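Numbering (my numbering), first residue to last: 891 to 1758. Here the structure comes first, spelled out in structure tokens, and everything after it is commentary.
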Amino acid sequence: MVDHLKDASGGGKPLDAKDGLSLKAPIGGWLVSIADVPDPVFSGRILGDGFAIDPTDSILRAPFAGVVTSIHRAHHAVTLRAEDGAEVLMHIGLDTVALKGDGFTPHVAEGDRVNTGDPLISFDMDIISQLVRSMVVPVVLTNGERFTLTVPAVDHEIAAGDAVASIAAKGEATASSAGEAGGDATVVKVRVADPNGIHARPAGLIAEAAKTGAAEVIIRLGDRKASAASPVGLMLLGAVHNDELTIEAKGADGAEVANRIAALLGGPEATMAAASAPALAAAPEVVASPVANALPTADAPELWGPGVAKTIEGNTASPGLAVGVSVRITSEDFEVSETGADVELEIKELRAALKTAAADISAKIAASKGQQAEILKAHLSFVEDPDLRDAAWTLIRDGKSAGYAWKTAIDRQVAALRKLGNPVLAERASDLEDVRRRVLAILLGVSGSATVLPDNAIIFAADLLPSQFADLDLTKVAGIVLAYAGPTAHVSILAASKGIPAVVAAGVGVVCVPDGQPVILDADQASVRINPPEGDLADIRATVIRRRERLAANRAATQDDCYTADGKRIEVVANLGGPADVAVALEGGAEGCGLMRSEFLFLNRTTAPSEDEQYAQYQAIADGLKGRPLIIRTLDAGADKDVPYANLPKEENPALGLRGVRMSLWQPELLRTQIRALLRVKPYGQCKILLPMIATIADLRDVRKVIDEETKALGRTTPIEVGIMVEVPSAALISKTLAAEADFLSVGTNDLAQYTLAIDRVNPRLAKQLDPFHPAVLRLIQLAVEGAKAHGRWVGVCGSLSSFPLAAPVLIGLGVTELSATSGSIAEIKAMVRTLDMNKCKAVAEAALALESGEAVRRMLAQSWPEA
Ligand code: PEP
Ligand code: MG
């Protein structure tokens, strides 16, 4: 029976849950406030309110009668649920998870019923205390949304079994709805499909989905839990790829909301385009991102003296070459007074500041596009985060000022995110800091920091917040070097989108560089030279000027159609990710679109787009291209691009499972709808269909059948052209067979390299070895061209290889006649093609095929075209 407080009338009947559940000390020792636990996750009450005990005993006992809802596999933590639903987590020591169970002996298992005082876990205090930084046992109420916990007094000694706290339900409405829901909560288990775990964007989407229903939704990972409505709480779960989560939804629409969230968790979000670190300059397109170098230590190091020559290495976030002078940007930390004037007033001020911040961000979202808009949306979700706001209100009620409360609420989450040891989540901590800065600036009436920059400034900073980046006068910025941040950080994405060379994750040296030092920033090689010899500076300055002039000339000529010097027509077209990219592509000189990835319509949503919605988007793209060719690829879902509503089965090796056209044939209704929408695009002939991941002739025939049926049903008499992607080695090997039935072939070198070299394209450790210049990949392209030629079909390349100007001679030499590239690289590619003749291209291709590695191919090309 639940150990309820007794009714004052002495009737002996347990009171309603709202009247209280008495918590007995689970262990003897010194009782302390939860705020004194030296771990922000506990002291910040991120997991919930509670207390802690510095133990003198070595047996953890049940503080009330109930059911063991979870016991961590490392046996250092256990959660117990009382009959009325109150749930309490007990965590023995800090960082004890790392002991992986050594020194702990569990006495219970999940689902066991226990009485007050029953032993739960014994532990070897002598051994464990040597290994961890603290033995303190936090005891936390984990469903604070339904209950409140009261600890009458702390800082005194207690024996196991002493009454230390009480838990009461939050009021009639909550108590009764909890009672109604009781055991009827919908519980769904799901594995995290996103390769990066739950980071900002999926967290935001889940919170949005949670808010669409009335159900109260909790997501659990082991002994951690978070409200699904809190993006920050969700990130702090620290859930990584493949972790199993439990979604618990209580309320009338619980099942629906839980399933919606499960669908989102079960499928990865489209990662913010991550710049790769290629050795050669090209617009970033490869999806993999290199691992960040060791990050700098927390203490600010000494500045180097002026004139000291140093070289710093990092990771390429945005390619390019620059010469300039160093300018340090330190993060200004707004001074806020700790003590608040009046609780009501402080709350009012913070509310107003949050409202203004939300309005500012919303206005910026409306005025921005692409990745910048996505970043701002994440910031908006932080401003609206209920957990952050709750933490701030609590601090204000404890007598703190609005500014201090907001700053502290964010700082606790930032510390917790950085501690999770997940580089992607650590990068998102900067976004939280950005939101802190924005709201504090409003509270303090300070406008954006406009550092006055000299010409050719090379910015050196520990990190740059997106809003700090936006405050920079970009006409003066020649480059950026950051100690923190990784290639997937938002500042990296913004730098790449503006074409500003940037090196990130470059370590502590970055913040030691004094102002005004001459610098060579070679972002292509991820290296930064401070105070290089004057001769080198002069050489690089001349190279930069030549490059700039060349680029300007190339841009001026980019609108003309492209031919080699000896008159061979090479179409240079763009890869598009959505309608917003069309204008940028045309401005860059695209002669059409060689790959329109249709995933933008399908990802990050809970239901499939309708035929009409798809048609409207495809037609808008066709119209935007003003008659130029448009090749739209059918949905390439599966592996790293998942759509939740397709309910793809969990697979051991998703890259080798139901993806691309296989997934489409497995879910033919999705395919049929898309084909119908594509067939409606006018004028007929402009839009062609491209099929991803074709591996066999059966794949092609099966889709052809659907296309033929739908063409007939629509009464369309002009056949639509259908091409295949060559991304799987088998497609190159049987290209002659495939070309007999396909209208054209387009080589996807991202996947072709992945499957040829057996290197997972999303494995950051292997990013540098995933080299599309590898002769093995080039040989398969040669085979694809030979097969296509046998049936008079043309071959294009739309993978990242075609975005390297240096790849053009090899690809053209192999017989490729269409290069579909990122918009930013088109001017350079066209300029390169115009200098080539077919004999030279054939000779270069033949030489490349005979080389031993991708590196050797790139070296040879760089020697022949040193300026490219
Ligand atoms: C490719 O694999 O090269 C390709 C263009 O397709 P995606 O990168 O979209 O998988
Ligand atoms: Mg592909």
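From the three backbone atoms N, C-alpha and C, an ideal C-beta is built for every residue, glycine too. Small disclaimer: the values here were computed from a predicted structure and weren't measured.
Our two residues, T1639 and A976, have alpha carbons roughly 54 Å apart in a direct line.
Boundaries of the alpha helix (DSSP H) harbouring G1123: P1121 to L1126, taken from the DSSP string. According to DSSP, S933 shares a beta bridge with no other residue.
Taking the Cα positions, P945 is about 36 Å away from V1082.
If you check the CB distance, A1416 and V1393 come in under 8 Å. Under the DSSP definition of a beta bridge, A1351 partners with L1372. Taking non-hydrogen atoms of ligand 2 into account, the C-beta of E1489 is found less than 7 Å away from none of them. At a cut-off of 7 Å, the beta-carbon of N1149 does not count as near ligand 2: no heavy atom of the ligand is closer than that. E1228 carries a coil assignment under DSSP once its states are collapsed to helix, strand and coil. Membership of D1250 in the alpha helix (DSSP H) is indicated by the continuous run V1233 to A1257. A distance below 8 Å between beta-carbons, with the five flanking residues on each side excluded, links L1322 to the following residues of its chain, in chain order: V1122, F1272, I1300, Q1303, V1304 and L1307.
The Cβ atoms of V1734 and V1687 do not sit closer than 8 Å to each other. Just so you know, the alpha carbons of Q1753 and A1443 end up roughly 23 Å apart. Here R1683 carries a coil assignment [DSSP, helix/strand/coil]. F1490 is bridged by DSSP to nothing; it lacks a bridge partner. K1290 counts as buried, since at least 16 other C-beta atoms from the protein chains shown sit within 10 angstroms of its C-beta. Per DSSP, reduced to three states, the secondary structure at T1586 is coil, with no helix or strand assignment. Leaving aside the five residues that flank V1706 on each side, the residues in its chain whose CB is nearer than 6 Å to its CB run, in chain order, V1685 and V1687.
Counting only residues of its own chain and dropping the five nearest sequence neighbours on each side, E1000 has a CB closer than 8 Å to the CB of V958, T959, S960 and I961. Under the three-state reduction of DSSP output, V1325 falls in the helix class. In this structure R1591 is not in contact with F1634, their Cβ atoms being roughly 17 Å apart against a cut-off of 8 Å.
When the beta-carbon positions are compared, R1318 and S1357 stay at least 8 Å from each other.
Around the C-beta of I1057, 16 or more other C-beta atoms lie within 10 Å, and the residue is accordingly described as buried. The beta carbon of L979 is closer than 7 Å to those of L937, A967, T969, V1030, T1032 and D1113 in its chain, skipping five residues each way along the sequence. Straight across, the Cα-Cα distance linking E1631 with E1461 is about 23 Å. Membership of M1553 in the alpha helix (DSSP H) is indicated by the continuous run V1551 to W1556. Remark: C-beta atoms of I1649 and L1660 approach each other more closely than 8 Å.
Distance from the CA atom of Q1407 to the CA atom of L1333, rounded to whole angstroms, is 36 Å. The residue among T986, K1720 and I1255 with its C-alpha nearest the C-alpha of Y1453 is K1720. Distances from the CA of I1511 to each of T1712, G1467, A1249 and V1233 were compared; the closest alpha carbon is that of G1467. The closest heavy atom of ligand 2 lies less than 7 Å from the beta carbon of N1640.
According to the DSSP assignment, V1147 belongs to the alpha helix (DSSP H) that extends over G1144 to L1155. Per DSSP, the beta-bridge partners of K1290 are T1229. Sixteen is the threshold: since fewer than 16 other Cβ atoms of the shown chains lie within 10 Å of the Cβ of N1537, the residue is exposed. By alpha-carbon distance to R1023, the top candidate from P1276, E1599 and L984 is L984. The beta carbon of V1616 sits closer than 6 Å to those of A1622, L1635, V1637 and A1674, all from its chain and outside the five residues before and after it, given in chain order.
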